[in-house]
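Novice: The opening residue of the sequence shown carries number 66 in my numbering; numbering runs sequentially from there. C-beta: ideal position from N, C-alpha, C; glycine also.
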Amino acid sequence: MFHKILVANRGEIALRVLRACREMGIRTVIAHSTADADSLPVRLADESVCIGPPEARSSYLNIPSIISAAAITDSEAIHPGYGLLSENPAFAEICRACGITFIGPSPEAIRLMGDKAQAREMAKHAGAPVVPGSEGPLAGVDEAQALADSMGYPVIVKAAAGGGGRGMRIVRRREDLARAYATCQAEAGAAFGSSELYLERFVEEARHVEVQVLGDKNGMRVHLGERDCSVQRRHQKLLEESPAPALPPDTRAGLYKAALAVANAVNYVSAGTVEFLVNQEGQFYFIEMNTRIQVEHPVTEMITGIDIVREQIRIATGESLGYKQAGVRFNGHAIECRINAEDPEHFVPSPGRITTWIAPGGPGVRVDSHVMAGYMVPPHYDSLIAKIIVHANDRNEAIARMHRALSETVIEGVKTTIPYHLKLLADPAFVAGESTLARLEQNL
Ligand code: MV4
């Protein structure tokens, strides 16, 4: 087992990784920016190294600084958390070249899945259903036009280097395709340094359902069930739950089989998430694979009792999973609400000082947060300040428990998304388990 791990992240996920290390008897180092010098993760880590100014580009994304911090502290491994450098194949390669273990999948798997057009081909060959669409990247607008005409509208044009909702355009009419193609191409080139595009039939009223997988270095792979993440706004997830409500049993079984087929096809090691769209008929389609720990991992931990961060660390050292699929048991229902320092109506960031912080507690409530009273929410990073996760026997009990937990939470000094969540939990369509991607954006 590792003796010392460097955490190359901030906020609640940095704290989450530190907690796993503590329980495993592993010493910790946190690499942090000047803006986070007084943060809880810095206080709780055994050692800390300041790696640069507030702007992520100069600190949390500064590879030479982070590698130097690992070298001077004798850290054997780096946990990248989510976002930042977590899905950067060059960073994983540099770690490898420097003799530091990157806690995550291989650079090859990250690179392959980072090219969404290639990932789609990969999934198709592995036998996972994909949305009807282009084969690999599009050669040009003429190919896009011909394909869309033959498949029918609406279609969605996506950047191969995008993902997570970035760099995509829905096209509902033939006459809008050429323009959408051109803007998408220009945006992709500017944002990702690659203007490759691919095209899919647009799946209307879909649900976003993802399957958590774990793979060890001996080729053992299991799934940890699914999460429904259909409650989103502008591609930002707001609430996630497991199991997915109202999923037909054969759809669920098909999702698990497809997710494992994709993971097996790339010899996937560590924790990963295979994303699908599920339509109103229960048909499902692979869309992307995320090669990192995800924000919403706690809902899976609550229903399986498996500490996913601990598993990532164990797997990185070469340990075997030590259980088979039948050894993974699912219990009850879990819901996570993301609490952002944002205006709940318009979702614009609301940075500033938190004057009052009363966290919820009691049976079945988990709070993952780096926040405390007096904490200054910096304007430089994403606005997630807490994740409130509840676990209960069934979905209705979990909804009631979440309502109770949010009602006892007091956060003053910044605006938060709590009022949005309280409204959502009382929404009849949500309670009925009928939330789909588009509908919620319209209704709430
Ligand atoms: C789609 C789709 C419908 N059809 N692909 C956006 C995030 C990324 N992971 C995939 N995304 C989508 N891909 C096809 N072929 C719908 C989404 C989607 C979405 C679309 C419109 C409005 C909100 C959305 C939220 C999540 C996903």
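1) Measuring from the CB of G230, is there a heavy atom of the ligand MV4 at a distance below 7 Å?
2) Beta-carbon within less than 7 Å of P202's beta-carbon, same chain only, minus the 5 sequence neighbours each way: which residues are those?
3) Per DSSP, V475 forms a beta bridge with which residues?
4) Evaluate contact between the segment 277-290 and the segment 322-333, counting only Cβ atoms and requiring at least three cross-stretch pairs below 8 Å.
5) Between which two residues does the beta strand (DSSP E) harbouring E516 extend?
6) What's the C-alpha gap between I175 and D293?
7) Does the beta-carbon of T420 have 16 or more other beta-carbons within 10 angstroms, so that it is buried, or is it exposed?
8) For K480, count neighbouring Cβ atoms within 10 angstroms of its own Cβ and tell me buried if that reaches 16, exposed if not.
9) Decide yes or no for the touch test of the segment 367-377 against the segment 83-95: beta carbon pairs closer than 8 Å, at least 3 of them.
10) I want to check one thing, is the minimum distance from the CB of M233 to the heavy atoms of the ligand MV4 below 7 Å?
11) Near I235, which residues of its chain fall below 7 Å by C-beta distance, leaving aside the five closest residues on each side in sequence?
12) Do L203 and the ligand MV4 come close, with the Cβ less than 7 Å from some heavy atom?
13) What are the boundary residues of the beta strand (DSSP E) that K452 is part of?
14) Please go through the segment 174-238 and give each complete alpha helix (DSSP H) segment of 4 or more residues, from N-terminal end onward.
15) With a Cβ-Cβ cutoff of 8 Å, do A204 and L242 count as a contact?
16) DSSP state of C163, grouped into three classes?
17) For a test of your reading of the model: does the CB of Q301 fall under 7 Å from any non-hydrogen atom of the ligand MV4? Yes or no.
18) Could you check if P493 is buried or exposed, using at least 16 other CB atoms within 10 Å of its CB as the buried criterion?
19) Runs of 3 residues minimum, wholly inside the segment 73-138: which ones carry the beta strand (DSSP E) assignment?
20) Is any heavy atom in the ligand MV4 found nearer than 7 Å to the beta carbon of R266?
21) I need the DSSP call for Y147, collapsed to helix, strand or coil.
22) Just to check, is the beta-carbon of Q297 closer than 7 Å to a non-hydrogen atom of the ligand MV4?
Specialist: For this structure:
1) yes
2) Contacts found: A182, A225, E261, L262 and Y263.
3) I423
4) yes
5) The structure shown does not extend to residue 516, since the chain is modelled only from 66 through 509, so no value can be given for it.
6) So the two alpha carbons sit approximately 23 Å from each other.
7) Exposed is the call here.
8) buried
9) The segment 367-377 vs the segment 83-95: in contact.
10) yes
11) P219, I221 and F267
12) no
13) Its beta strand (DSSP E) spans residues L449 to A457.
14) 181-191 and 206-216
15) In this structure, L242 does not lie closer than 8 Å to A204 by Cβ.
16) coil
17) For the ligand MV4, not one heavy atom lies less than 7 Å from the Cβ of Q301.
18) exposed
19) 92-98 and 112-117
20) yes
21) coil
22) yes
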